[in-house]
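One structure is given here, and the rest of the page talks about it.
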Amino acid sequence: MAGCVSQAAPSEPWLQNVSIVGVKQIDRIVEVVGETLKGNKVRLLTRNRPDAVLSLPKMRKNELIEVLSISTGCLNNCTYCKTKMARGDLVSYPLADLVEQARAAFHDEGVKELWLTSEDLGAWGRDIGLVLPDLLRELVKVIPDGSMMRLGMTNPPYILDHLEEIAEILNHPKVYAFLHIPVQSASDAVLNDMKREYSRRHFEQIADYMIANVPNIYIATDMILAFPTETLEDFEESMELVRKYKFPSLFINQYYPRSGTPAARLKKIDTVEARKRTAAMSELFRSYTRYTDERIGELHRVLVTEVAADKLHGVGHNKSYEQILVPLEYCKMGEWIEVRVTAVTKFSMISKPASIQEDQQPLSLMHLFPLAVFCLVLITLYSVDRFLYPGFFEEWLPFLADAHHDEQQAEMWEHHDNSDPVFYE
Ligand code: SF4
Numbered sequence: 001m002a003g004c005v006s007q008a009a010p011s012e013p014w015l016q017n018v019s020i021v022g023v024k025q026i027d028r029i030v031e032v033v034g035e036t037l038k039g040n041k042v043r044l045l046t047r048n049r050p051d052a053v054l055s056l057p058k059m060r061k062n063e064l065i066e067v068l069s070i071s072t073g074c075l076n077n078c079t080y081c082k083t084k085m086a087r088g089d090l091v092s093y094p095l096a097d098l099v100e101q102a103r104a105a106f107h108d109e110g111v112k113e114l115w116l117t118s119e120d121l122g123a124w125g126r127d128i129g130l131v132l133p134d135l136l137r138e139l140v141k142v143i144p145d146g147s148m149m150r151l152g153m154t155n156p157p158y159i160l161d162h163l164e165e166i167a168e169i170l171n172h173p174k175v176y177a178f179l180h181i182p183v184q185s186a187s188d189a190v191l192n193d194m195k196r197e198y199s200r201r202h203f204e205q206i207a208d209y210m211i212a213n214v215p216n217i218y219i220a221t222d223m224i225l226a227f228p229t230e231t232l233e234d235f236e237e238s239m240e241l242v243r244k245y246k247f248p249s250l251f252i253n254q255y256y257p258r259s260g261t262p263a264a265r266l267k268k269i270d271t272v273e274a275r276k277r278t279a280a281m282s283e284l285f286r287s288y289t290r291y292t293d294e295r296i297g298e299l300h301r302v303l304v305t306e307v308a309a310d311k312l313h314g315v316g317h318n319k320s321y322e323q324i325l326v327p328l329e330y331c332k333m334g335e336w337i338e339v340r341v342t343a344v345t346k347f348s349m350i351s352k353p354a355s356i357q358e359d360q361q362p363l364s365l366m367h368l369f370p371l372a373v374f375c376l377v378l379i380t381l382y383s384v385d386r387f388l389y390p391g392f393f394e395e396w397l398p399f400l401a402d403a404h405h406d407e408q409q410a411e412m413w414e415h416h417d418n419s420d421p422v423f424y425e
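Residue 425 is where the sequence shown ends in full-length UniProt numbering, and the numbering goes up by one at each step.
Dropping the structure here:
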């Protein structure tokens, strides 16, 4: 077992008989697996050692995407959070190492997208005298033409100081205009109880600035519903924020107490009520869409990097990180394609290459089927006439017999045009 939960609570009953690789021990995973296979239980949990180096060998889930963790831990102490207990305070990876890792992924290994991740992207560098824009400005320099970078989750407090620089980066042609800012609640009272260290106004300040300064920006957020101190009025404030911004991606989490966290000591909201709130927000989320019918016909340039779950489409994204599906027969993974939107759904737009006509269909086996049937019939008739029932054509299909006869004559004339004339009926 590995990850934050097993690191923070190794004595949970369900972890009693398993080996655990701690969050600071990931470079020792081979050793742990080896010992476990021999029947030993191994638990490497000490956090008092340096982080594993960035250049550890890795297997990518998608060979076109490099997921680069830029720091571990964070500067907050959110009262519901187990991750903090496992990962501790912020430790930023050095700027030069991160840039080199990105450069190698793009230039030596051919990845097409760089996804930056961390517990809180916005806090990067605060422990080493730098700020996030310092890193982002260096990273964009190593992105080759045709490749893109996507920023990961960033809490409101730290990017608030750098709105202009972040907007500038998001407007860079090789950076997706995408921001994931987890608001968690729109009630200042609840945010305070969560110790999130920002207010609703701060969140709105960031969202409004980005909407005004980054064309077509895509803002995703997270909500925690039924936090122990959330009243109906608090919940309604969160609903109101969702109505206002109509977030195209909204991760709705019903609060669940994590053992050992301060919030776990608070009295839980009744489960039925908690479910009601979750259902109401889910319903609100389903009631609007970024991908409206008016968007049908729009032209987009998209980078396709994976196959969709339906196995019929490639998944591409435009500059705004909007998801656009392209029929697989037109896609080449890792390449850009100009497409026209032909249909919309709640979560994506469906498209066809802009180069093909509206009603033009790709050539598929289905299109070749009638031709195949026609050929089969001809072969069958020919075989009947030749082997089973000589004279079949003359008796049943005289027009074909004539044509056949004419062909034979023409052929014979050809063979004899340099010799004496021969008479044929
Ligand atoms: S939820 Fe809060 S404490 Fe936990 S990792 Fe995120 S910022 Fe840190």
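Glycine residues also receive a C-beta, built at the ideal position from the N, C-alpha and C atoms.
Distance between residue j and residue i (C-alpha atoms, nearest Å)
| i | j | result |
| --- | --- | --- |
| alanine 308 | histidine 317 | 12 Å |
| alanine 8 | glycine 73 | 13 Å |
| proline 133 | histidine 162 | 8 Å |
| arginine 196 | valine 344 | 36 Å |
| asparagine 40 | leucine 15 | 14 Å |
| valine 67 | tryptophan 115 | 5 Å |
| lysine 38 | leucine 56 | 25 Å |
| lysine 268 | arginine 243 | 26 Å |
| glutamate 237 | methionine 153 | 22 Å |
| serine 320 | histidine 172 | 11 Å |
| isoleucine 252 | leucine 266 | 21 Å |
| serine 6 | arginine 87 | 11 Å |
| serine 199 | glycine 125 | 23 Å |
| valine 18 | valine 42 | 8 Å |
| valine 33 | arginine 301 | 45 Å |
Outcome for residue i when other beta-carbon atoms lying within 10 angstroms are tallied against a minimum of 16
| i | result |
| --- | --- |
| arginine 277 | buried |
| alanine 372 | exposed |
| cysteine 375 | exposed |
| leucine 191 | buried |
| leucine 232 | exposed |
| aspartate 208 | exposed |
| alanine 279 | exposed |
| lysine 311 | exposed |
| proline 248 | buried |
| asparagine 76 | buried |
| leucine 354 | One detail in the question is off: residue 354 reads as alanine in this sequence, not leucine. With fewer than 16 other Cβ atoms within 10 Å, it is exposed. |
| threonine 79 | buried |
| threonine 380 | exposed |
| tyrosine 93 | buried |
| valine 183 | buried |
Three-state secondary structure assigned by DSSP to residue i
| i | result |
| --- | --- |
| residue 451 | Coverage of the chain is limited to positions 1 through 425, which leaves residue 451 absent and any answer about it impossible. |
| histidine 317 | strand |
| asparagine 253 | strand |
| glutamate 164 | helix |
| tyrosine 218 | strand |
| valine 32 | helix |
| glutamate 63 | coil |
| alanine 343 | strand |
| tryptophan 413 | Its pLDDT being 42, under 50, tryptophan 413 is placed unreliably by the model, and the measurement read from it follows with that caveat. Three-state DSSP puts tryptophan 413 in a helix. |
| proline 13 | helix |
| serine 383 | helix |
| methionine 85 | helix |
| phenylalanine 247 | coil |
| valine 422 | Here valine 422 scores only 40 on pLDDT, less than 50, and its place in the model is too uncertain to base an answer on. |
Proximity to residue i [Cα-Cα], best of the options
| i | options | result |
| --- | --- | --- |
| proline 156 | Val30, Gln205, Asp127 | Gln205 |
| leucine 303 | Leu64, Met210, Thr36, Gln25 | Leu64 |
| tyrosine 158 | Met239, Trp14, Val111, Phe203 | Phe203 |
| alanine 2 | Leu37, Leu45, Gly39 | Leu45 |
| tyrosine 288 | Gly125, Ser69, Tyr245 | Tyr245 |
| lysine 58 | Pro13, Ala104, Gly34, Ser71 | Ala104 |
| threonine 271 | Pro228, Ser282, Arg290, Glu113 | Pro228 |
Interface flag, residue i vs chain B, CB-CB below 9 Å
| i | result |
| --- | --- |
| phenylalanine 374 | Protein chain content of the structure displayed is limited to a single chain, and chain B is not contained in it. |
Can at least three beta-carbon pairs, one atom from the region 214-234 and one from the region 174-183, be found at a separation below 8 Å? By the Cβ test, the region 214-234 is in contact with the region 174-183, since at least three Cβ pairs between them sit closer than 8 Å.
### Message
Check whether the region 117-134 and the region 80-93 touch, using three or more Cβ-Cβ pairs below 8 Å as the test.
### Response
By the Cβ test, the region 117-134 is in contact with the region 80-93, since at least three Cβ pairs between them sit closer than 8 Å.
Note to self: Could you check whether the region 91-100 touches the region 147-156, counting it as contact only if at least three pairs of C-beta atoms, one from each stretch, sit closer than 8 Å?
What the structure shows: No, the region 91-100 does not touch the region 147-156.
Would you check if there are 3 or more beta carbon pairs closer than 8 Å linking the region 295-302 to the region 335-344? Taking 8 Å as the limit for Cβ pairs, the verdict is that the region 335-344 does touch the region 295-302.
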